[in-house]
Amino acid sequence: MSANMPVHELEQYNESPRESKEFFLVDAEPMIKRMRCKVIRESVRACYRFLIPSFLTTQSRTTLNAIASLDGLRGYASFGVFQLHFTDTFCQMHNRGFGFDENNRYLIQLPFIHFFWTAPALVACFFVISGYVLSYKPLKQIRSHAGEPFLHTMRSAIFRRGIRLYLPTLIATFVAFLLVRLGMFNYSHWVFLQGEYLAAGEDTPPIMATFGEQFAHWLSDMKNMIYPFHLGSSASTPYDPHLWTIPTEYQGSMLLFVVTIGLWNVHTAARLGFVGAFILYCGYHGQNDILLFFGGMFLAEVDLILREEEGRVNRYRYLWLVLFTIGLYLAGMPSWDPQITPGYEIIMWLIPNSYRWHTLGCIMLVWSVRNSDDIQIVFTNRFAQYLGKISYSLYIVHGNVRRTLTYTMMPTLLALTNGKESKLGFAITILVSIMFTYPLTFFLADLFWRAVDIPSIKFAKWLETKCSRRSSYCSLNSGAEQTLIPAYA
């Protein structure tokens with residue numbers, strides 16, 4: 001230290017450590033407050049941005065993949081499931097066809113349009129799409145003799161399939177469990193028990209005495225739902241009855257993967273012959289859901305054969321249009337009394353089983369939508385592709401929105417509009433319900449898609465990466481699986 005330093009500087013230099021510390025703390029306080037305010041402000045902004053539905057944000061148009069039209073078809077079908085269940089709240093007319101009697105002459109009962117209100121056809125459509133999409137890439141690799149990439153694709157698909165299907169459903173049902181404990185289903189349960197406000201509905205989850213009992217009940221239900229060996233039956237849960245299709249989807253997927261691996265080194269004709277025979281075998285034993293998966297696989301192989309020659313698919317332009325028309329007509333066969341519904345009596349006389357016709361119609365639909373350039377514009381536009389993206393989330397969330405919001409509104413709306421006595425009042429009740437139920441359902445579906453569905457897919461890939469051994473061929477992102485939606489009534 002310099003001996004010539006001025007006295008006042010020397011005194012400042014010789015301040016005690018405590019005084020210096022206090023000086024810096026006092027001086028830092030405004031900065032700390034500003035940082036806290038900035039963190040809070042940015043957090044609020046992030047939450048606000050996250051709550052904005054994705055369709056309201058500016059997004060660049062994504063490049064469509066080879067089977068984008070099936071994503072669009074899946075999206076429309078998922079929306080059909082939602083509006084089918086919403087319609088169930090008010091009436092049952094959608095279960096009959098147009099002209100069944102003089103009281104059944106509504107627009108939604110007309111052939112073709114009725115497909116979007118036909119529950120068996122919607123589930124059939126989803127399972128055919130699942131079979132097609134899950135097998136398309138593996139079959140393509142088989143046909144190009146890419147043995148090692150094929151095995152990696154199958155390994156990835158098998159590893160991630162259960163996580164992709166069950167993780168979102170576990171989260172959704174856990175949210176339903178919390179809603180039960182918060183009393184969100186109490187009034188809805190009363191509305192359901194009255195029997196006078198709902199045309200058809202599902203009861204709400206049982207309300208247990210304690211939180212622990214409720215959690216144990218939910219946990220038992222989830223163990224039952226994820227059990228993969230409910231052969232010939234489906235596991236359901238009162239936390240969302242529509243999720244009974246998830247075990248069926250998982251069973252069909254795993255069986256499809258096993259058969260694909262088993263047939264990977266056989267000739268094309270033998271593979272098609274075996275799959276075709278297995279389809280007939282499933283039909284004979286009434287295993288319609290499995291039949292639909294392998295129907296999709298059969299179509300995928302045929303399409304790969306057709307595409308080996310450039311322009312060959314376009315030669316059948318009018319065939320695809322005919323198949324689409326017939327398929328939409330058959331898939332729209334009413335669930336109730338089709339044998340005495342005008343337009344369906346003759347075909348029901350030929351095969352007196354409506355689900356067989358739904359199956360055939362949906363196979364025709366999927367095949368034509370996949371191959372017809374004339375039809376694909378309806379399924380590859382931005383709206384259809386958006387529905388395809390959120391379709392799994394829409395399927396998962398719509399049931400409990402209906403069982404809470406829609407059920408709760410019914411007594412008040414019917415009383416205010418005199419909907420039980422007046423057709424106009426009943427129409428107003430439906431319209432007001434749509435105004436509240438539809439926006440909330442789409443908002444929650446979009447939110448669930450971004451908050452749960454997409455992260456679930458990423459988590460499955462991350463977990464696969466962590467669990468996989470290193471190999472000379474690294475292709476963890478080559479799985480054949482895409483976001484698939486089981487849907488049913």
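Residue numbering for the sequence shown follows UniProt numbering, starting at 1 and increasing by one per position.
Here a beta-carbon is modelled for each residue, glycine too, at the ideal position from N, C-alpha and C.
Here the structure is a predicted model, which means the values were calculated and not measured.
Item to check | Between the CA atoms of ASP373 and residue 504 - distance to the nearest angstrom | outcome: An answer regarding residue 504 cannot be provided, because it is not within the stretch 1 to 489 covered by the chain.
Checklist entry - In whole angstroms, what separates the C-alpha of GLY332 from that of THR408? => result Walking along the sequence shown from the start, residue 332 turns up at place 332. Walking along the sequence shown from the start, residue 408 turns up at place 408. About 31 Å.
Next on the checklist: Alpha carbons only, please: which of ASP203, PRO228, ILE163, LEU291 is nearest the one belonging to ASP453?
Outcome noted: The residue labelled residue 453 in the question sits at position 453 within the sequence shown. Nearest option by C-alpha distance: ILE163.
Item to check | Simplified DSSP assignment, three categories, for LEU64 | outcome: Working through the sequence shown from its first residue, we reach residue 64 at position 64. The answer is coil: DSSP assigns LEU64 none of H, G, I, E or B.
Checklist entry - Can you tell me where the alpha helix (DSSP H) with HIS189 in it begins and where it stops? => result Reading the sequence shown from its first residue, position 189 is the one you call residue 189. Its alpha helix (DSSP H) spans residues 186 to 194.
Item to check | Endpoints, the alpha helix (DSSP H) within which TYR281 is located | outcome: Taking the first residue of the sequence shown as 1, we reach residue 281 at position 281. Start and end: 268 to 284.
Checklist entry - On the premise that PHE192 lies in contact with GLY201, defined as a C-beta separation below 8 Å, what is that separation, rounded to the nearest angstrom? => result Counting from 1 along the sequence shown, the entry for residue 201 is found at position 201. Counting from 1 along the sequence shown, the entry for residue 192 is found at position 192. Their Cβ separation, rounded to whole angstroms, is 6 Å, which keeps GLY201 and PHE192 in contact under 8 Å.
Item to check | Length of the line joining the Cα atoms of LEU255 and ASN418 | outcome: Against the sequence shown, residue 255 aligns to sequence position 255. Against the sequence shown, residue 418 aligns to sequence position 418. Approximately 53 Å between the Cα atoms of the pair.
Next on the checklist: Which of the three DSSP states is assigned to CYS467 in this structure?
Outcome noted: To locate residue 467, count along the sequence shown from 1; it is residue 467. Three-state result, CYS467: helix.
Next on the checklist: Let me check understanding here. Comparing Cα to Cα, which of VAL133, ASP88, PHE90, HIS94 lies closest to ARG74?
Outcome noted: Within the sequence shown, residue 74 is the residue found at index 74, counting from 1. Ranked by how close their Cα comes to the Cα of ARG74, the residues VAL133, ASP88, PHE90, HIS94 have VAL133 in first place.
Checklist entry - Within this structure, are the beta carbons of PHE100 and THR341 separated by less than 8 Å? => result Working through the sequence shown from its first residue, we reach residue 100 at position 100. Working through the sequence shown from its first residue, we reach residue 341 at position 341. Contact flag set, yes.
Next on the checklist: Considering Cα atoms alone, identify which of PRO352, THR441, LEU413, ARG143 is closest to ILE396.
Outcome noted: Start at 1 with the first residue of the sequence shown, and residue 396 comes out as number 396. Comparing Cα-Cα distances from ILE396 to each of PRO352, THR441, LEU413, ARG143, the minimum goes to THR441.
Item to check | Beta-carbon contacts of ARG469 that lie in its chain and below 6 Å, excluding the five residues immediately before and after | outcome: By one-based count along the sequence shown, residue 469 stands at place 469. Excluding positions up to five away in sequence, the list is empty.
Checklist entry - When DSSP labels each residue in this structure, what does MET208 get in the three-state scheme? => result For this step, residue 208 is matched to residue 208 along the sequence shown. In the structure shown, MET208 sits in coil (DSSP, three-state: anything other than H, G, I, E or B).
Next on the checklist: Determine whether the beta carbon atoms of MET364 and GLY327 lie at a separation below 8 Å.
Outcome noted: Taking the sequence shown and counting its residues from 1, one reaches residue 364 at position 364. Taking the sequence shown and counting its residues from 1, one reaches residue 327 at position 327. Yes, the Cβ-Cβ distance between MET364 and GLY327 is below 8 Å.
Checklist entry - What's the call for LEU51, buried or exposed, on a 16-neighbour Cβ count within 10 Å? => result Sequence index remark: in the sequence shown, residue 51 carries index 51 (1-based). Burial call: exposed.
Checklist entry - Are the CB atoms of GLY131 and LEU304 nearer to each other than 8 Å? => result Along the sequence shown, one-based indexing puts residue 131 at 131. Along the sequence shown, one-based indexing puts residue 304 at 304. Note that the C-beta distance between GLY131 and LEU304 is not below 8 Å.
Checklist entry - Which word fits GLU148, buried or exposed, when buried means at least 16 other C-beta atoms lie within 10 angstroms of its C-beta? => result Looking up residue 148 in the sequence shown gives position 148. With fewer than 16 other Cβ atoms within 10 Å, it is exposed.
Item to check | C-alpha gap between PHE257 and TYR166, whole angstroms | outcome: As a first step, residue 257 must be located in the sequence shown, where it is residue number 257. As a first step, residue 166 must be located in the sequence shown, where it is residue number 166. Looking at the two C-alpha atoms, the distance is approximately 18 Å.
Next on the checklist: On the criterion of 16 or more Cβ atoms from any shown chain inside 10 Å, does HIS145 qualify as buried, or is it exposed?
Outcome noted: What you label residue 145 is simply residue 145 of the sequence shown in a count that begins at 1. Taking every protein chain shown into account, the CB of HIS145 has fewer than 16 other CB atoms within 10 angstroms, so this residue is exposed.
Checklist entry - Are three or more beta carbon pairs between the stretch 98 to 117 and the stretch 209 to 229 nearer than 8 Å? => result no
Checklist entry - Which ranges would you report for the alpha helix (DSSP H) in the stretch 275 to 350 if only whole runs of at least 4 residues count? => result 288 to 306, 317 to 331, 345 to 350
Next on the checklist: Can you look up LYS223 in the DSSP assignment and give me helix, strand or coil?
Outcome noted: Within the sequence shown, residue 223 is the residue found at index 223, counting from 1. In this structure, LYS223 counts as helix in the three-state DSSP scheme.
Next on the checklist: Within a Cβ cutoff of 7 Å, which residues of the same chain sit near residue 560, ignoring the five residues on either side of it in sequence?
Outcome noted: Only positions 1 to 489 of the chain appear in the structure, and residue 560 is not among them; the question remains open.
Item to check | Reduced DSSP category for GLY131 - H, G, I as helix; E, B as strand; rest coil | outcome: Residue numbering aside, residue 131 sits at position 131 when the sequence shown is read from its first letter. For GLY131, the three-state secondary structure derived from DSSP is helix.
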